[in-house]
Amino acid sequence: MHAWPDIDTTALRADRLGRVAELMHAHDLDHLLLTGADHIRFATDFRAHLTNEPDWFAVVMDRSGSFDVFAPYVDEVILSPDPALPALRAMHPLPSWSPALGHPRFWTAAVAAELNRRGARRVGHDTIDSVLLAPLRQELVPIGRELHLIRQVKHPLEVELLAAASAVNAGAMEAALAEAAPGRTDHDLLAAAMRYQQAAGAEFVTHSVCNLRKGSGDWFAHGATLREGDPFFFDIGMHGIGGYGSDAARTGFVGEPRPEVARAFRLLQEAHLLAQATARPGVRASAIQTAVNGFLTGHGLAPTPYAVGHGVGLRICELPTLHRADRMDSDEVLRAGHVIALEPETAVESGGELVVLKIEDDFVVEDNGLRQLTIPPL
7 MHAWPDIDTT
17 ALRADRLGRV
27 AELMHAHDLD
37 HLLLTGADHI
47 RFATDFRAHL
57 TNEPDWFAVV
67 MDRSGSFDVF
77 APYVDEVILS
87 PDPALPALRA
97 MHPLPSWSPA
107 LGHPRFWTAA
117 VAAELNRRGA
127 RRVGHDTIDS
137 VLLAPLRQEL
147 VPIGRELHLI
157 RQVKHPLEVE
167 LLAAASAVNA
177 GAMEAALAEA
187 APGRTDHDLL
197 AAAMRYQQAA
207 GAEFVTHSVC
217 NLRKGSGDWF
227 AHGATLREGD
237 PFFFDIGMHG
247 IGGYGSDAAR
257 TGFVGEPRPE
267 VARAFRLLQE
277 AHLLAQATAR
287 PGVRASAIQT
297 AVNGFLTGHG
307 LAPTPYAVGH
317 GVGLRICELP
327 TLHRADRMDS
337 DEVLRAGHVI
347 ALEPETAVES
357 GGELVVLKIE
367 DDFVVEDNGL
377 RQLTIPPL
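Under our numbering, the first residue of the sequence shown is numbered 7, with each subsequent residue one higher.
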């Protein structure tokens, strides 16, 4: 089990609730209706990330932080169900193990009853299907994007939790690299990483993909066997204690790579260092993409075919987005307190195959530059 940090949970909850209450005040909202597990965790600290299904839970909360949870694993209303969450007033039943749209009348009636009981007038909501919202009598205000925006700059306690998750994910990558040998499979590498994550006490494993003898854009393990000289990359993600995540990737080799692959990897490492040097407070997100892809193409290599980075928090991928200016609604300026992943990729022809190489690490943006978080535990 990893030695997770013992943080001041009360202080962290107060900071996040303060940000949410300020947003509600700015939009004249008296209540929120949330279904996204990340938004629910941020606003209430209730853990709704049970599976990948995005709509098994719903939360109604007011500006004071008092909230009710609608959950698939209770069969009656339970008052004050969790002493560790004193703001949680009650839990209400929803149809079990079903998408909300599977039983829209029940879902809407249950949520409407609580909104009406509270006297809700103007309600902000995240991404919820219009079929579920249409029967509600309250004035409804979409504020999903605004919730993402207020989460961008992290509190120091959030950074501490992100650093812990990143350390575990870095250890998982070391475990996967150590598994690489002729005769092992891509699934064996991912199993070693997942075993490390779970043994460390991860809350949730989000993605586990491996590219072995596949082209760019094909992310999934397929039972391929490692051979001498093979390059490969894997990309893994997880949520640690408190729900904060890590997203990271490594390229590895079975034995010695071909000279052209070794050269491409050395240049990719340089591109990764260039991204780190470029990503400083006051720099536009697109400047990182421009620097990395300019470097790669200038050396005859394929550019990274997607965003070279992104924010990390209660979602594995969140704002800010580090992409081309014409691929983003807003070309954000990096600020101290952003936590970002930098993930340059390139590809090179070798032995009649397209070899894809990738590196990804997590960093916190500080006043003087970046501090790497994906460092394995001692």
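Don't be surprised by glycine CBs; every beta carbon is placed ideally from N, CA and C.
Keep in mind that this is a model prediction, so the values were computed, not measured.
DSSP three-state assignment for residue i, whether helix, strand or coil
| i | result |
| --- | --- |
| Gly-71 | coil |
| Glu-262 | coil |
| Glu-338 | coil |
| His-193 | helix |
| Ala-115 | helix |
| Asp-367 | strand |
| Ala-140 | coil |
| Ile-294 | helix |
| Val-267 | helix |
| Asp-236 | coil |
| Pro-162 | helix |
| Asp-135 | coil |
| Asp-21 | helix |
| Glu-28 | helix |
| Asp-61 | coil |
Span separating the alpha-carbon of residue i from that of residue j
| i | j | result |
| --- | --- | --- |
| Arg-22 | Ala-9 | 24 Å |
| Phe-52 | His-245 | 14 Å |
| Gly-243 | Ser-172 | 9 Å |
| Ile-84 | Leu-379 | 40 Å |
| Asp-335 | Gln-295 | 15 Å |
| Gly-6 | Gln-203 | What the structure shows of the chain is the stretch from 7 to 384, and residue 6 is not part of that stretch, so it cannot be assessed. |
| Asn-374 | Ile-13 | 25 Å |
| Ser-102 | Leu-183 | 40 Å |
| Leu-307 | Pro-162 | 38 Å |
| Leu-155 | Leu-325 | 7 Å |
| Met-303 | Val-159 | According to the sequence as given, residue 303 is Thr; it is not Met. Each residue's alpha carbon lies about 32 Å from the other. |
| Ala-181 | Thr-191 | 14 Å |
| Cys-323 | Asp-367 | 13 Å |
| Thr-352 | Lys-364 | 7 Å |
| Ala-297 | Phe-259 | 27 Å |
| Glu-164 | Val-370 | 11 Å |
| Thr-327 | Arg-157 | 13 Å |
| Ala-270 | Phe-301 | 12 Å |
Residue interval of the beta strand (DSSP E) (run including residue i)
| i | result |
| --- | --- |
| Ser-214 | 210–218 |
| Ala-347 | 345–348 |
| Ser-356 | 351–356 |
| Gly-207 | Gly-207 -> no beta strand (DSSP E), and no H or E assigned at all. |
| Glu-324 | 324–328 |
| Leu-376 | 375–378 |
| Ala-9 | Per DSSP, Ala-9 belongs to no beta strand (DSSP E) and is neither H nor E. |
Exposed unless 16 or more other CB atoms sit within 10 angstroms - verdict on residue i
| i | result |
| --- | --- |
| Met-7 | exposed |
| Asp-44 | buried |
| Gln-144 | buried |
| Leu-360 | exposed |
| Ser-252 | buried |
| Asp-68 | buried |
| Asn-299 | buried |
| Gly-130 | buried |
| Val-339 | exposed |
| Ala-140 | exposed |
| Glu-355 | exposed |
| Thr-41 | buried |
| Asn-217 | buried |
Range of the contiguous alpha helix (DSSP H) that encloses residue i
| i | result |
| --- | --- |
| Asp-44 | 43–50 |
| Leu-39 | Note, Leu-39: premise wrong, no alpha helix (DSSP H); beta strand (DSSP E) at 37–40. |
| Leu-153 | 150–156 |
Proximity test, residue i beta-carbon vs the ligand SAH heavy atom, cut-off 7 Å
| i | result |
| --- | --- |
| Asn-299 | With respect to small molecules bound, the structure shown includes none, and the ligand SAH cannot be examined in it. |
Would the stretch 248–264 count as touching the stretch 222–238 if we require 3 or more Cβ pairs under 8 Å?
The stretch 248–264, when compared against the stretch 222–238, does touch it at the 8 Å Cβ threshold.
Kindly confirm or deny that the stretch 119–134 and the stretch 317–328 touch, where touching means at least three C-beta pairs closer than 8 Å.
Too few Cβ pairs lie closer than 8 Å, so no.
Taking contact to mean 3 or more Cβ pairs, one atom from each stretch, closer than 8 Å, check whether the stretch 220–227 and the stretch 149–158 are in contact.
In this structure the stretch 220–227 does not lie against the stretch 149–158, because fewer than three pairs of beta carbons, one per stretch, are closer than 8 Å.
Inter-stretch contact (C-beta, 8 Å, three-pair minimum) for the stretch 205–217 and the stretch 277–290
Contact between the stretch 205–217 and the stretch 277–290 is not established, with fewer than three Cβ pairs separated by less than 8 Å.
Do three or more CB pairs link the stretch 302–315 to the stretch 271–279 at distances below 8 Å?
A contact exists between the stretch 302–315 and the stretch 271–279.
Can we say the stretch 174–189 touches the stretch 339–349, given the rule of at least three CB pairs closer than 8 Å?
These segments do not touch.
Would you call the stretch 15–35 and the stretch 47–63 touching, i.e. three or more CB-CB distances under 8 Å?
Touching, yes, given that three or more Cβ pairs across the two stretches are closer than 8 Å.
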